[in-house]
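Novice:
Residue numbers (full-length UniProt numbering): 1 to 375.
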């Protein structure tokens, strides 16, 4: 009741005092932090003022004609059907205006689609409901998930400054370098959009769309998925952190070292406790959005894992479902999304959490062998 009262109060305040509710609203585009976004803004303003000028002339002539030739002044309407000169003029003048508008628009579009001579290549893959960033030239990648606490989403806590626009792993890019984005999807159509970059590109399964950006200023820039992609569409934020080149080079070096260490973990002798602890973190990040943090699920689309035939059944069947997904259902294939260690950990966790207590475990080596069998 207290939450509803707050919402009602905010709505009433917005109706009575519009300035309160519209304080953060803008009526125009923002210039952005890339050359492309500034070109788009300049083009927008050019076309806007052309349209304003046309509107002023057309409505000015119309209002003057109505006022100056009104009936009270003794004017009578002329009766004619056509005027060749006027028809030629109102054909030629709009044509010239369109050509004038097309010149800067074409130049901007050509520049937007020119992805050649890039310094950094990043493949962006949309998933329900997260983004995967893979640094093609440096052979590493990671997932970027929503970081807003569930208690804020459920109104048990006050909303944070960047509510639903915060992630655990932002995309890191260097300032002053041309970055080529290769955008695709693993499941349904998504759309990767960062307003300050002037970039909005659809992520379509089976296709790779290209776009690019060259960030001029260090900082953190936020965006969202702008294609209705399922029940958690609003939980797919984008956060890009632009850093100076030396800082970016050091970060890439750390990421490559971490990726190599992750690969080495496949050969480690893991204990049950270690796998369960890691699996809980993987589950909360990757699986909880659908199957719920407590494993209760959201039937019928997302069945409960508590006492599930999969989580309490044959180990091989559990591995197959998590690795390959289930056709015709909302269960995704995580074989290419998670590392061998994370796959082993999350399966082990699901089999021993929430009272399932199967007492068995999956090792990263078993997952690696399973992968080889699938190839």
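Backbone N, C-alpha and C fix where the C-beta goes; we use that ideal spot for every residue, glycine too.
Could you tell me whether the segment 222-231 touches the segment 113-123, where touching means 3 or more Cβ pairs closer than 8 angstroms?
Specialist: Judged by Cβ distances under 8 angstroms, the segment 222-231 makes no contact with the segment 113-123, as fewer than three pairs qualify.
Novice: Please go through the same chain and pick out, in chain order, the residues whose beta-carbon is closer than 7 angstroms to the beta-carbon of residue 370, but skip the five residues on each side of it.
Specialist: Here the question's residue 370 lines up with position 370 in the chain shown. 319, 323, listed in sequence order.
Novice: Take residue 22 and list the residues in its own chain whose beta-carbon comes closer than 6 angstroms to its own, dropping the five residues that flank it on each side.
Specialist: The count along the chain shown starts at 1 and reaches residue 22 at position 22. Low local confidence applies: a pLDDT of 46 at residue 22 is under 50, so the model's placement there is unreliable, with the coordinate-based value given in what follows. So no residue of the chain qualifies.
Novice: Going by the CB atoms, is the gap between residue 140 and residue 37 shorter than 7 angstroms?
Specialist: Here the question's residue 37 lines up with position 37 in the chain shown. Here the question's residue 140 lines up with position 140 in the chain shown. No, the Cβ-Cβ distance between residue 37 and residue 140 is not below 7 angstroms.
Novice: In three-state terms, what does DSSP make of residue 260?
Specialist: Residue 260 sits at position 260 when you count from the first residue of the chain shown. Residue 260: helix per DSSP, three-state reduction.
Novice: Quick check on DSSP: helix, strand or coil for residue 75?
Specialist: By 1-based counting over the chain shown, the position of residue 75 is 75. Coil at residue 75, not helix or strand.
Novice: In whole angstroms, what separates the C-alpha of residue 429 from that of residue 68?
Specialist: One cannot answer for residue 429 here, as it falls past the ends of the chain, which runs 1 to 375.
Novice: Whole angstroms is fine: what's the gap from residue 233's alpha carbon to residue 227's?
Specialist: Along the chain shown, one-based indexing puts residue 233 at 233. Along the chain shown, one-based indexing puts residue 227 at 227. Roughly 8 angstroms between the two C-alpha positions.
Novice: So, are the CB atoms of residue 311 and residue 350 less than 7 angstroms apart?
Specialist: Counted from its first residue, the chain shown places residue 311 at position 311. Counted from its first residue, the chain shown places residue 350 at position 350. Their beta carbons are under 7 angstroms apart, which means residue 311 touches residue 350 by this criterion.
Novice: In three-state terms, what does DSSP make of residue 80?
Specialist: The count along the chain shown starts at 1 and reaches residue 80 at position 80. Three-state result, residue 80: coil.
Novice: Would you identify the three-state DSSP class for residue 22, choosing helix, strand or coil?
Specialist: Position 22 of the chain shown holds residue 22. The predicted position of residue 22 is uncertain, since its pLDDT is 46 and thus under 50; a value taken from the coordinates is nonetheless stated next. Coil, per DSSP.
Novice: Within 10 angstroms of its Cβ, does residue 151 collect 16 or more other Cβ (buried), or is it exposed?
Specialist: Along the chain shown, read from residue 1 onward, the residue named residue 151 stands at position 151. Result: exposed.
Novice: Taking the continuous beta strand (DSSP E) assigned at residue 222, which residues delimit it?
Specialist: Translated into the one-based positions of the chain shown, residue 222 becomes position 222. Unbroken beta strand (DSSP E) run through residue 222: 219-225.
Novice: Give me the DSSP bridge partner(s) of residue 201.
Specialist: Against the chain shown, residue 201 aligns to sequence position 201. Bridge partners of residue 201: 192.
Novice: Of all the options 96, 47, 83, 195, which has the alpha carbon lying nearest to the alpha carbon of residue 34?
Specialist: To locate residue 34, count along the chain shown from 1; it is residue 34. The shortest C-alpha separation from residue 34 is found at 195.
Novice: Can you check whether the CB of residue 243 is closer than 7 angstroms to the CB of residue 218?
Specialist: The count along the chain shown starts at 1 and reaches residue 218 at position 218. The count along the chain shown starts at 1 and reaches residue 243 at position 243. Yes, these two residues count as a Cβ contact at 7 angstroms.
Novice: Quick one, are the C-beta atoms of residue 108 and residue 39 less than 7 angstroms apart?
Specialist: One-based indexing of the chain shown puts residue 108 at position 108. One-based indexing of the chain shown puts residue 39 at position 39. Yes. Within cutoff.
Novice: Per DSSP, residue 242 is paired with what?
Specialist: In the chain shown, counting from the first residue as 1, residue 242 sits at position 242. Paired residue(s): 173, 219.
Novice: Shortest alpha-carbon distance to residue 178 belongs to which of 147, 51, 112, 340?
Specialist: Within the chain shown, residue 178 is the residue found at index 178, counting from 1. For residue 178, the nearest C-alpha among the options comes from 112.
Novice: Distance, Cα to Cα, residue 250 vs residue 199?
Specialist: The sequence position of residue 250 within the chain shown is 250, counting from 1. The sequence position of residue 199 within the chain shown is 199, counting from 1. Cα to Cα, the separation comes out at about 26 angstroms.
Novice: Closer than 8 angstroms is the cut-off here; do at least three beta carbon pairs connect the segment 127-142 with the segment 81-88?
Specialist: The segment 127-142 vs the segment 81-88: no contact.
Novice: For residue 280, collect the residues of the same chain with a Cβ closer than 8 angstroms to its Cβ; drop the 5 residues on either side in sequence, then sort them by chain order.
Specialist: Numbered from 1 along the chain shown, position 280 holds the residue referred to as residue 280. Within the same chain, residue 280 has close Cβ partners 349, 353.
Novice: From the DSSP secondary-structure annotation, give me the bridge partner or partners of residue 298.
Specialist: Along the chain shown, one-based indexing puts residue 298 at 298. 302.
Novice: Grab me the residues of residue 147's own chain with a C-beta within less than 7 angstroms of its C-beta, minus the 5 sequence neighbours each way, in chain order.
Specialist: As a working mapping, residue 147 is identified with position 147 in the chain shown. Excluding positions up to five away in sequence, the list reads 166, 167, 168.
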